[in-house]
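One structure is given here, and the rest of the page talks about it.
2 protein chains.
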Amino acid sequence: MKKRVLTTVAFICIVAFFSNTIIAQTDPSEVMEDFKPSAVNQPGKEYPQVNSEGRVRVRIEAPEANSVQLDIGAVKYDLVKDEKGVWTGESAPQDEGFHYYQLNIDGASVPDPGSLFFYGASRWGSGIEIPAKDGDIYAMKNVAHGKVQQILFPSPSTNTSRRAFVYTPPGYHKDQSKRYPVLYLQHGWGEDETAWSNQGRANLIMDNLIAEGNTKPFLIVMTYGMTNEIKFGGLRDFDIKPFQTVLLDELIPYVDSHFRTLSNQPNRAMAGLSMGGMETRTITLANPDVFSHVALLSGGSISLEDLENHPDFKEKVKLIFISYGSRELENPRRGPWGDPVENTEALTEAGMHTHFYVSPETGHEWQSWRRSLHELAPLLFKD
Amino acid sequence: MKKRVLTTVAFICIVAFFSNTIIAQTDPSEVMEDFKPSAVNQPGKEYPQVNSEGRVRVRIEAPEANSVQLDIGAVKYDLVKDEKGVWTGESAPQDEGFHYYQLNIDGASVPDPGSLFFYGASRWGSGIEIPAKDGDIYAMKNVAHGKVQQILFPSPSTNTSRRAFVYTPPGYHKDQSKRYPVLYLQHGWGEDETAWSNQGRANLIMDNLIAEGNTKPFLIVMTYGMTNEIKFGGLRDFDIKPFQTVLLDELIPYVDSHFRTLSNQPNRAMAGLSMGGMETRTITLANPDVFSHVALLSGGSISLEDLENHPDFKEKVKLIFISYGSRELENPRRGPWGDPVENTEALTEAGMHTHFYVSPETGHEWQSWRRSLHELAPLLFKD
Chain A
28 MKKRVLTTVA FICIVAFFSN TIIAQTDPSE VMEDFKPSAV NQPGKEYPQV NSEGRVRVRI
88 EAPEANSVQL DIGAVKYDLV KDEKGVWTGE SAPQDEGFHY YQLNIDGASV PDPGSLFFYG
148 ASRWGSGIEI PAKDGDIYAM KNVAHGKVQQ ILFPSPSTNT SRRAFVYTPP GYHKDQSKRY
208 PVLYLQHGWG EDETAWSNQG RANLIMDNLI AEGNTKPFLI VMTYGMTNEI KFGGLRDFDI
268 KPFQTVLLDE LIPYVDSHFR TLSNQPNRAM AGLSMGGMET RTITLANPDV FSHVALLSGG
328 SISLEDLENH PDFKEKVKLI FISYGSRELE NPRRGPWGDP VENTEALTEA GMHTHFYVSP
388 ETGHEWQSWR RSLHELAPLL FKD
Chain B
28 MKKRVLTTVA FICIVAFFSN TIIAQTDPSE VMEDFKPSAV NQPGKEYPQV NSEGRVRVRI
88 EAPEANSVQL DIGAVKYDLV KDEKGVWTGE SAPQDEGFHY YQLNIDGASV PDPGSLFFYG
148 ASRWGSGIEI PAKDGDIYAM KNVAHGKVQQ ILFPSPSTNT SRRAFVYTPP GYHKDQSKRY
208 PVLYLQHGWG EDETAWSNQG RANLIMDNLI AEGNTKPFLI VMTYGMTNEI KFGGLRDFDI
268 KPFQTVLLDE LIPYVDSHFR TLSNQPNRAM AGLSMGGMET RTITLANPDV FSHVALLSGG
328 SISLEDLENH PDFKEKVKLI FISYGSRELE NPRRGPWGDP VENTEALTEA GMHTHFYVSP
388 ETGHEWQSWR RSLHELAPLL FKD
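Respectively, the protein sequence lines represent chains A and B.
For the first sequence, position 299 (counting from the first letter as 1) is numbered 326 according to my numbering, and the numbering increases by one without interruption.
For the second sequence, position 124 (counting from the first letter as 1) is numbered 151 according to my numbering, and the numbering increases by one without interruption.
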């Protein structure tokens, strides 16, 4: 069992931490000249830009540099310098949605000063937004907006105050007698508690679903999954216990005492992406008295063998949600728990309520996870 | 009057947007070798570092670069490359507290990928924390912590949902019948609504003051002051009205309907730093029915002539708080409204309740404003 966990950790880390070895240069004659500033640029910044093909164009002034590259999607693209010392270049078309990227100036890997910064790959770095056909689901619209609150909760087990963010839905402030279910939602390896609001736009996805009447309102709690201690070569030390202690013994009681929650198993869900999916899997299998709804986004699946080893889980858990980006399934990834489609079908046959979702034409990326949250929320906390 | 406003705007902009022309290199024999990672580094990053003299040491790998500089406090320091292509260098000693800085790699101005990023000088860029003798006032301690909430409030006048952050004190969730006073707190030019929490640590200053019993608990609301439209050469178009409309007609009603506030003049304060002080000055002089407590941090003062022009202000405002960093007063800055010390003394003689605070050995910097908030909070909303 321990070996399996380690294999999956290694696998997820490798997928997330792809090697950057391909170098390319885009042929200008192939590029559609309809670039617009990215939606996640810093205020007033014209670059980076995106065109209708999903190509990313960056520009930076570096008059004395010998070489500048755009590093995105595991490929490095050489930029070209003009007579004023300004470097410009484009990537190949990227999938819809959010992507991390960086610049490389004479061998220095740095954020692009034109973009907003996001925490991923264990650093604050640049991000780009490729407009998506279904971008409406996470757009900021003229609807009632919930709040995202930063809390600092006491954590005796780690001897510090730890940070989490709590989404409260529109109307939370109104009826002081109303209580809400809670989804605990985890980020992936190399990310932190800011990811689901910043890259994931979880609050806007919820605001929009609630405005349409397509989900019950509930709270979302996002904290740091302590996953970034997991490094190449250090996997043998990986242990779910420190995070499980923070989550179960410290964060949940804090949230239940500081927010108007429905503080019981039927009204508590856990979900996570990638490494956060693995954490969700391990913690919910071992604690079916705590969580009733379980969602793994690009983060493994649950097998019949798991059910046999955890009979309470089968009895008490109301929903198992498994999702992937379609590109993740193109090269079938038989993780240590077997094929996620076959596993989920077997759970359904065994009588569990399951939901399998595939995000079209996306990979191990935030667009898959935004869509997964949009698909998941309406299924949670049904009577 | 309009000309005076413009002069002050220009003055504040020039102070904030100093020219970077000095180039220096630190003599290694002068440097104390007791550097430690800065408190606002990205997780796990060893650099930048700070020593006991307040020098900043940066390090970055840029094997093919010709020149790398550290740009801090209006001075550029040349770094030195080792045989592995890693550049290292130090600044002169800096004042205590928080400072913005950046790196320059072969002519490209970029954030240092080792530091956390802060919005200032109209960009997300690097920041460094020089440990201060009184750093205790904004340290994260084992006390009850309030929350910082992101709200998105409807703004018909700008046709969008605008963002603000709201600090609610510890205990806010407990007694649902208790209502709180509110301080509206503005950032400076080139900054935004994130500044008072990130650079200013306003929430921790309040948590600590409340834990010590040294201030009444109150809410703090921080939104974007729309100051960044003010650029060199564009001052003639500066107009307080768009922001005043957002603040008075949109944000305050939203806060009063979504939080348990004491929604009347005696329980509403406004404060701002630098450009935000100028906004506070203009808005509160014109609206003494809205705000009872007024604080200008490195942002001008109020003169006898102002009182004569605004008789209601003299009658209705309970406190005028004026503060500066001591270095700002070393080169006497007779702003368009006269000397702040003389002005404030004249208001006191005229019978107003004033408070003048000088932050020791700091300039037009966040350490002055953190200390000012710490000095101001206990004076607010006294019976």
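Each residue gets a CB set at the ideal place from its N, CA and C atoms; glycine is no exception.
* Cβ neighbours of E117 (chain A) in the same chain (closer than 6 angstroms, five flanking residues each side left out) -> T53, V58, R82 and R84
* To do: For V12 (chain B), collect the residues of the same chain with a Cβ closer than 7 angstroms to its Cβ; drop the 5 residues on either side in sequence, then sort them by chain order.
  => Nothing can be reported for residue 12 (chain B), as the shown portion of chain B is limited to 28 through 410.
* To do: Could you run through the region 143-155 of chain B and flag, in chain order, every residue whose CB is less than 9 angstroms away from some CB of chain A?
  => L143, F144, Y146, S149, R150, W151 and G152
* To do: Spell out whether any CB of chain A is found under 7 angstroms from the CB atom of P405 (chain B).
  => no
* Closest by C-alpha distance to G326 (chain B), when choosing among B:G299, B:L312 and B:S319 -> It is B:G299.
* Asked: Residues of chain B with a CB under 8 angstroms from the CB of N169 (chain A): which are they?
  -> P181 and S188
* To do: Sort B:D109, B:S94 and B:G352 by Cα distance to K103 (chain B) and report the nearest one.
  => B:S94
* In angstroms with no decimal places, state the Cα-to-Cα distance between L246 (chain B) and Q226 (chain B). => 18 angstroms
* Using the beta-carbon of each residue, which ones in chain A are nearer than 8 angstroms to V175 (chain B)? -> Q176 and Q177
* To do: Can you tell me the Cβ-Cβ gap for L331 (chain B) and H382 (chain B), rounded? I've got them flagged as a contact below 8 angstroms.
  => Actually they are not in contact, since the Cβ atoms of L331 (chain B) and H382 (chain B) sit about 17 angstroms apart, beyond 8 angstroms.
* How is K243 (chain A) classed by DSSP in three states: helix, strand or coil? -> Three-state DSSP puts K243 (chain A) in coil, outside helix and strand.
* Asked: Since E392 (chain A) and G352 (chain A) are thought to touch, with beta carbons under 8 angstroms apart, how far apart are those beta carbons, to the nearest angstrom?
  -> 6 angstroms
* Asked: If you measure from the beta carbon of Q76 (chain B) to each beta carbon in chain A, is any gap under 7 angstroms?
  -> no
* Asked: Does the beta-carbon of I232 (chain A) have 16 or more other beta-carbons within 10 angstroms, so that it is buried, or is it exposed?
  -> buried
* Asked: Do Q394 (chain A) and E123 (chain A) have their C-beta atoms closer together than 7 angstroms?
  -> yes
* chain A contacts from the region 278-306 of chain B (Cβ-Cβ distance under 9 angstroms) -> Those residues of the region 278-306 of chain B that come within reach of chain A (Cβ to Cβ, closer than 9 angstroms) are S284, H285, F286 and R287.
* Asked: Identify the residues that DSSP records as bridge partners of W114 (chain B): which are they?
  -> Per the DSSP secondary-structure output, W114 (chain B) pairs in a beta bridge with B:I87 and B:K108.
* Asked: What residues in the region 106-117 of chain B have a beta carbon less than 9 angstroms from any beta carbon of chain A?
  -> G112 and W114
* Would the C-beta of I329 (chain A) count as close to the ligand HEM, meaning under 6 angstroms from any of its heavy atoms? -> In the structure on display, the ligand HEM does not appear, and there are no ligands present to speak of.
* Could you give the distance in angstroms between the alpha-carbon of E335 (chain A) and the alpha-carbon of S319 (chain A)? -> E335 (chain A) and S319 (chain A) have their C-alpha atoms spaced approximately 18 angstroms apart.
* **Cβ neighbour criterion (16 or more within 10 Å) applied to H214 (chain A)** => buried
* Output yes if chain B places a C-beta closer than 7 angstroms to the C-beta of G198 (chain A); else output no. => no
* Asked: What residues in its chain sit with their C-beta under 6 angstroms from that of K341 (chain A), if we drop five residues either side in the sequence?
  -> L334
* With DSSP as the reference, label N230 (chain A) as helix, strand or coil. => helix
* Closest to S350 (chain A) by CA distance: which of A:L374, A:S386 and A:A377 is it? -> Residue A:S386 is the option with its Cα nearest to S350 (chain A).
* For H320 (chain A): DSSP bridge partner residues -> A:A296 and A:L346
* If contact means a Cβ-Cβ distance below 9 angstroms, which residues of the region 371-387 of chain A contact chain B? -> none
* Report yes if the C-beta distance between G134 (chain B) and A89 (chain A) is below 7 angstroms; otherwise report no. => Going by C-beta atoms, G134 (chain B) is nearer than 7 angstroms to A89 (chain A).
* To do: Kindly list the residues whose CB is nearer than 6 angstroms to the CB of P196 (chain A), restricted to its own chain and excluding five residues on each side of it in sequence; keep chain order.
  => Excluding residues within five positions, the ones whose Cβ falls inside 6 angstroms are G173, I237 and P244.
* **Sequence-distant residues of its chain with Cβ nearer than 6 angstroms to D219 (chain A) (five each side left out)** => Hits under 6 angstroms: Y146 and Y251.
* If M302 (chain B) and V321 (chain B) are in contact, beta carbons under 8 angstroms, what's the gap, nearest whole angstrom? -> At roughly 16 angstroms, the Cβ-Cβ gap does not stay under 8 angstroms, so M302 (chain B) and V321 (chain B) are not in contact.
* Rounded to whole angstroms, what's the CA-CA distance from Y281 (chain B) to F180 (chain B)? Just pull it up for me. => 7 angstroms
* the region 152-163 of chain B / the region 60-67 of chain B touching (three or more Cβ pairs under 8 angstroms) -> yes
* Thinking C-beta only, is G154 (chain B) closer than 7 angstroms to F125 (chain B)? -> yes
* What does N93 (chain B) touch in chain A if you count any residue whose Cβ is under 7 angstroms from its own? -> E91
* Report all residues from its chain with a CB closer than 6 angstroms to the CB of H412 (chain B); omit the five preceding and five following residues, and keep chain order. => The requested residue 412 (chain B) is not part of the displayed model; chain B covers only 28 to 410.
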